[in-house]
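Reading the sequence shown from the start, the letters are residues 33 to 291 in the numbering used here. Input: a single structure, listed below in structure tokens.
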Amino acid sequence: MSKIGVTVLASGSNGNCAVVHSGSQAIMVDCGISLRTLRRRLKEEAVDESWIKAILITHEHADHIQGARVAAQHFGVPIYATARCAEVLRARFEFGMMNLIAACNDFPLSGFNVRAFPVPHDAVDTVGYVFTRESTKIGLATDLGQTNPMANFQLRDCNTLVLESNYDVNMLASSKRPWPLKTRILGPSGHLSNADSAKFLPEVVTRNTRNVILAHISGDCNTYDIAERTAHESLRGMSRNDVFLTYGRRDAPIPTVWC
Ligand SMILES: [Zn+2]
Ligand SMILES: [Zn+2]
Numbered sequence: 033m034s035k036i037g038v039t040v041l042a043s044g045s046n047g048n049c050a051v052v053h054s055g056s057q058a059i060m061v062d063c064g065i066s067l068r069t070l071r072r073r074l075k076e077e078a079v080d081e082s083w084i085k086a087i088l089i090t091h092e093h094a095d096h097i098q099g100a101r102v103a104a105q106h107f108g109v110p111i112y113a114t115a116r117c118a119e120v121l122r123a124r125f126e127f128g129m130m131n132l133i134a135a136c137n138d139f140p141l142s143g144f145n146v147r148a149f150p151v152p153h154d155a156v157d158t159v160g161y162v163f164t165r166e167s168t169k170i171g172l173a174t175d176l177g178q179t180n181p182m183a184n185f186q187l188r189d190c191n192t193l194v195l196e197s198n199y200d201v202n203m204l205a206s207s208k209r210p211w212p213l214k215t216r217i218l219g220p221s222g223h224l225s226n227a228d229s230a231k232f233l234p235e236v237v238t239r240n241t242r243n244v245i246l247a248h249i250s251g252d253c254n255t256y257d258i259a260e261r262t263a264h265e266s267l268r269g270m271s272r273n274d275v276f277l278t279y280g281r282r283d284a285p286i287p288t289v290w291c
């Protein structure tokens, strides 16, 4: 079996895009960056464009979809979204035909078993994704206002987990952001803080977990360093210093993480 890789090409409020790949088959999750940036970053991380077979959408926020239509056209691949998300993408963003998926209904795609699952976030129908192939499991949840039993159930026991670690509570509180935006981010349908994420890790990290990739790290209410340190402390508390910990970046792709 070919090795399975996760390449985070962009992560954060100005654009999100990740690729799960094995051999010559790749599935993209979200495309919130321009085609030009996407192509450059794919090349930088040696992910061949011809591998891409589909683009899966998590929700309709611009940082996840703004490059998806053009990228799908360029690569000649279908976009997959839940029915309600697809409706918004068609009505507001002029997306064309899409393959409709339903949360918690697994489907086969490019050698993976794919499952979308609902997460609490203030978009129309936000989902996270789980990819399985033989004994390998990869989970992605990049925008979730809070963890819940569903997220716990779906994300537990991943070999590679991509998990939001959006903000540091103190930095958010003292930021210049308007109060309504602060309450939105802090609320149950906003984003996951470093502390939330660190608290969640012991619930989902198992002996099969090899990699944790922190995602959607805020540029003004967090730092890569604080997010990483907080997650490190959590893993250390579980005596799991063997887990490889890294984070997706806003300004650059990160090297492929192999499962
Ligand atoms: Zn987002
Ligand atoms: Zn969002």
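Yeah, the Cβ is synthetic: ideal placement off N, Cα and C, and Gly gets one too. Just so we're clear, the structure is a prediction, and the values are computed from it rather than from any experiment.
Fully contained in the segment 148-232 are the following alpha helix (DSSP H) runs of length 4 or more, in chain order: 181-187, 201-205, 211-218. Non-local C-beta neighbours of Lys85 in its own chain, meaning closer than 8 Å and more than five positions away in sequence, comprise Gln57, Ala58, Ile59, Val109, Leu141, Ser142, ordered along the chain.
Proximity to Gly55 across Arg282, Ser206, Gly47, Ala78 peaks at Ala78, based on C-alpha coordinates. CA-to-CA, the gap between Thr288 and Phe232 works out to about 24 Å. Cβ neighbours of Ala50 within its own chain (closer than 6 Å, five residues either side excluded): Val40, Val61. With respect to Leu277, Glu260 sits close: the two C-beta atoms are nearer than 8 Å.
A direct Cα-to-Cα measurement between Thr164 and Leu176 gives close to 21 Å. Judged by DSSP in its simplified three-state form, Thr69 adopts helix. For Asn48, the distance from the CB to the nearest heavy atom of ligand 1 is below 7 Å.
When secondary structure is reduced to three states using DSSP, Ser82 falls in the helix class. Rounded to whole angstroms, the gap between the alpha carbons of Arg68 and Glu81 is 12 Å.
Cβ contact annotation for Ser207 (same chain, cutoff 8 Å, sequence separation greater than five): Lys214, Asp252, Cys253, in chain order.
For Phe276, the enclosing beta strand (DSSP E) stretches over residues 276-279. Shown in chain order are the residues whose CB sits closer than 7 Å to a heavy atom of ligand 2: His91, His93, Asp95, His96, His153, Ala155, Thr158, Asp175. Counting only residues of its own chain and dropping the five nearest sequence neighbours on each side, Ala155 has a CB closer than 7 Å to the CB of His91, Glu92, His93.
Across the set Arg188, Thr158, Ser250, the C-alpha of Arg188 shows the shortest separation from the C-alpha of Arg239.
If you draw a straight line from the Cα of Ala104 to the Cα of Ile89, it is about 12 Å long. The beta-carbon distance between Pro234 and Met203, rounded to whole angstroms, is 24 Å. This is too long to meet the 8 Å contact definition.
Bridge pairing for Gly37: His53, Trp290 [DSSP]. Residue side-chain check: Ser43 keeps its Cβ at 7 Å or more from all non-hydrogen atoms of ligand 1.
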